[in-house]
Each structure stands twice: as C-alpha cells, then as structure tokens.
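As structure tokens, the structure follows; a few thoughts come after it.
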Amino acid sequence: MKLIHLLTYLFALMPLTAQEVIPQGENSKQASKILSQVRYAYPQKTLNFRGEIRPRRIGFNMIPLNLSFNSQLIKFEFFKENNSKKEIDETISLDFSEDKINVLRSFESLTKEIKNDDLSNSIRGTDISYDDIVMRFLDWPDPVLLKVEKAKGGKAWKIRCANPNKTQLYSIVDVWVSQRSGAIVRMNAYNQKRRIIKSFEVDSIQQIKGDWFVETMIVRTYPVDAKSKPTSSFLKLVPKK
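Just so you know, the working numbering puts the end of the sequence shown at 243, numbered straight through with nothing missing.
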C-alpha cells in the first residue's frame, strides 16, 4: 500500500477536505482510521503557493519560498540569500511515488537523500525540521484516541502516537484532527522524558475554489532545559496566480 504523508505540516501544508464520521469501535482502530484519512488527503492536481517563514529571533530575517504539491510529490524551493528576486539555491522534495517516502535535498547543484538519522535537522535554520514535514508519526503503530476537545475551528479528536523507535527525537506525538475538516490543526511532540520539544498550530485557513488550505501556522521549538526560552517560526502561504 502506498503511504502518503500529510504536510502541513510544514509541517503540513495540507488541504482541509471533508471527512466521514468515524463510527465508534475499538480505540486503536478508530484512531488509525482517522490518521489514515489524513494521510491520503492530497489532491491529484498540482497546487502552487508562494510563502514565507519568519523566525522570531534576533538575527533572522524573513525567508521566502515556493511550495508545490500533489499526490506524488511535495517540493519546497528557497532562494539565494533569502531574496525572492534571486535564483533558487535549495530545493527539498518529498517523493511519494514509491511505497516509502523519499526526502531529497538539492543545494548548489548537488542532490542527496536525507536519511532517517538526519531528519531531525533544521530546514534553513528555522524551527521547522525535515521530520516535521515528513510526519513519520502518522505511521507509528497502535495510536490511541484520547478524547474529543476544542481546537482551532471547533471540536477535534486528540490522538496520541507512541514511537516504537527509541533512538529518534520524538518519543510521543499528540495530534488534534478537526472533526469538521479532517485536517491536523495542532501537534505537540515530546522526548523520552515526556518534555515537550516541538509544537505547531494552525492559526488561519483560506478557501480556494471550494477547498480549504492552511494560510498561517506557527511552529515552536522548546529547549530541553528550563533556562532557555522557546523559539518560534511563523509560516504564511498564499496561492500563486
């Protein structure tokens, strides 16, 4: 079965499509069905956006980008010196054409595959990592539906995903999936000590030709120690005309 991951992220960057009501049943099966519907929510046609990432910390300027995605490929394009009037110097592609996701990074004409050990690395020095856009937690086994609670845009299923791989950065991920749209609207990631280390939350959405898409979202990185303050990056997307 081909596995299609949701961006939204990045982490997603996802269309907000209507979902069926999930019937009551065994908890893990219900949670798995909700997440599988999220996973397969990509459009067949290619959609193109212009965007910007604004790291909220001293010394970082706005980072412009191009984003395009469909059911087979998601592509991020960044510009030389973070100037949208200059040439593209970095491309990050998520390829879904095989049974597994392949992450490729092209920088200054050199292309390499991003392996699992490098997925925790930051993209362009922001709070967004490769792991955030790949969203491996969608494939972790035996997710648990914790409860239904209010999130951005109304009621949402809160689902907990536990990582079977103890060597990876994210040990537990809680996700909120909107009951109205079927999209992930919030995510909290925790390390093995149960400390929150990453979060994202959709701030606003936009409607394009009858479909709903993320417009703005904020991504936060939390320090391991309590001495430092969290950092954050603000993502905004607008459709290309």
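Each residue gets a CB set at the ideal place from its N, CA and C atoms; glycine is no exception. A quick note: this is a predicted structure, and the numbers were derived from the prediction, not measured.
Close-in-space but distant-in-sequence residues of the same chain around residue i (CB under 6 Å, 5 per side omitted)
i	result
proline 225	none
phenylalanine 109	Glu92
lysine 231	none
proline 241	Phe51 and Ile210
glycine 27	Reliability of the predicted coordinates at glycine 27 is poor, the pLDDT of 49 falling under 50, and the value obtained from them is presented with this limitation in mind. Counting only Cβ-Cβ distances below 6 Å, and skipping sequence neighbours, we find nothing.
methionine 189	Val177 and Phe202
valine 204	Lys154, Val187, Val216 and Met219
serine 86	Pro66
arginine 56	Met64 and Phe236
glutamine 194	Ser173
leucine 148	Lys160 and Arg162
isoleucine 198	Asn190, Tyr192 and Tyr224
lysine 124	The residue you asked about is not lysine; residue 124 is serine in the sequence shown. Around serine 124: Ser131.
glutamate 115	Leu106
proline 166	none
lysine 229	none
Check whether residue i and residue j have beta carbons under 8 Å apart
i	j	result
isoleucine 76	leucine 106	no
aspartate 2	serine 34	It is not possible to answer for residue 2, since the shown part of the chain is limited to 3 through 243.
glutamate 83	proline 66	no
isoleucine 174	phenylalanine 202	no
arginine 126	valine 146	no
tyrosine 172	aspartate 133	yes
threonine 223	arginine 58	no
serine 70	phenylalanine 98	no
phenylalanine 81	isoleucine 94	no
aspartate 119	serine 30	no
leucine 140	valine 40	yes
valine 150	isoleucine 103	no
Opposing strand residues paired with residue i [DSSP bridges]
i	result
alanine 164	Ile174
aspartate 205	According to DSSP, which records beta bridges pairwise, aspartate 205 is partnered with nothing at all.
asparagine 190	Asp176 and Ser201
lysine 211	Its beta-bridge partners do not exist; DSSP assigns none.
glycine 53	Leu67 and Leu239
alanine 158	Glu151 and Ser180
isoleucine 220	Glu203 and Phe236
Nonlocal neighbours in the same chain, by C-beta distance under 7 Å from residue i, ignoring five residues either side
i	result
isoleucine 36	Ile24, Trp159, Ile161 and Val179
lysine 88	Phe81 and Lys82
Nonlocal neighbours in the same chain, by C-beta distance under 8 Å from residue i, ignoring five residues either side
i	result
glycine 156	Ser180, Gln181 and Arg182
(request) Report the residue ranges of all beta strand (DSSP E) runs contained in full by the stretch 72–154; include only those spanning at least 3 residues, in chain order. (result) Counting whole runs of 3 or more residues, the stretch 72–154 contains the beta strand (DSSP E) stretches 75–81, 90–97, 104–109, 112–115 and 146–153.
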